[in-house]
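Novice: Can you read through this structure? Questions will come right after.
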Ligand code: FES
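Numbering (the numbering used here), first residue to last: 134 to 299.
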């Protein structure tokens, strides 16, 4: 290692180095990120961001989705935390954010949706069937961008769970 590569000690501007700062902070009960960690149970995975209010334009059209079997689910979790689902009465859009602590639920298996974080379960219509969640999944307004065009989900506009686009 050349002299120019010698590690430098970086001091705080107030003259207190990191080790002293952390020890001082711990002594005063201050919450700081000084590393070390310690044991304990690892924290659960961070929750995904809630759907940002606004419009999500999908790549599905009403005519195409209505032609598919009941229970068909389009997965837009990565685009806006939304499922677009076709059932016997039409099309609806529903959040994929678990009502317990905000984890993203899994894709439906049959007619059941399960949250991977703590096991809450929902029906395909979003009804809560098993805790720890106690509330149903929220439904959003879904419309056509233009007549016959792609479906647009408005995550800023909640609707009744019975609402359908037909
Ligand atoms: S966040 Fe879904 S069950 Fe806890």
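All residues carry an ideal CB built from backbone N, CA and C; glycine is no exception.
Values in this document were obtained by computation on a predicted structure and should not be read as measured data.
1) Where do the ends of the alpha helix (DSSP H) carrying residue 223 lie?
2) With a threshold of 16 other CB atoms inside 10 Å of the CB of residue 193, please say whether the residue is buried or exposed.
3) Taking buried to mean at least 16 other C-beta atoms within 10 Å of its own C-beta, is residue 169 buried or exposed?
4) Does the ligand FES have a heavy atom nearer than 7 Å to the CB of residue 296?
5) Residue 274 bridges to which residues according to DSSP?
6) Quickly, what does DSSP pair residue 245 with across the bridge? List them, please.
7) Assuming contact is defined by CB atoms lying nearer than 8 Å, are residue 204 and residue 299 in contact in what I supplied?
8) In this structure, what does DSSP give as the bridge partners for residue 207?
9) Could you tell me the alpha carbon to alpha carbon distance between residue 257 and residue 283, rounded to whole angstroms?
10) Where does residue 198 fall in DSSP's three states?
11) Is it buried or exposed, residue 288, if we count other Cβ atoms within 10 angstroms and call 16 or more buried?
12) How about residue 189 and residue 215: are their beta carbons less than 8 Å apart?
13) Mind checking whether residue 361 and residue 268 have CB atoms under 8 Å apart?
14) Quick check on this structure: which residue in 228, 234, 255, 195 has the alpha carbon closest to the alpha carbon of residue 212?
15) Note down the Cα distance separating residue 242 from residue 202, rounded to an integer number of angstroms.
16) In angstroms, rounded to a whole number, what distance separates the CA positions of residue 191 and residue 278?
17) To the nearest angstrom, report how far apart residue 159 and residue 217 are at their CA atoms.
18) Going along the chain, which residues of its own chain have a beta-carbon closer than 8 Å to the beta-carbon of residue 296, five neighbours each way excluded?
Specialist: Reading from the atomic positions:
1) First-last for residue 223: 223–228, but that is the beta strand (DSSP E), not the alpha helix (DSSP H).
2) Burial call: buried.
3) Any reading at residue 169 must be qualified, since the residue scores a pLDDT of 38, below 50, and its modelled position is unreliable; the value itself is stated next. Under this definition residue 169 is an exposed residue.
4) Every heavy atom of the ligand FES is 7 Å or more from the Cβ of residue 296, so no.
5) Paired residue(s): 287.
6) Paired residues: 242, 256.
7) Cβ distance not < 8 Å, so residue 204 and residue 299 don't count as in contact.
8) In the DSSP assignment, residue 207 forms a beta bridge with 217.
9) The C-alpha of residue 257 lies about 22 Å from the C-alpha of residue 283.
10) Looking at residue 198 - three-state DSSP - the assignment turns out to be helix.
11) Classification for residue 288: buried.
12) Yes, these two residues count as a Cβ contact at 8 Å.
13) What is shown of the chain runs 134 to 299, which leaves residue 361 out entirely.
14) When C-alpha distances from residue 212 are compared across 228, 234, 255, 195, the shortest belongs to 228.
15) A straight line joining the alpha-carbon of residue 242 with that of residue 202 spans about 15 Å.
16) If I take the Cα positions, the gap works out to 9 Å.
17) Only weak support exists for where residue 159 lies, its pLDDT of 36 falling under 50; the coordinates are left without a value.
18) Result list for residue 296: 225, 272, 274, in chain order.
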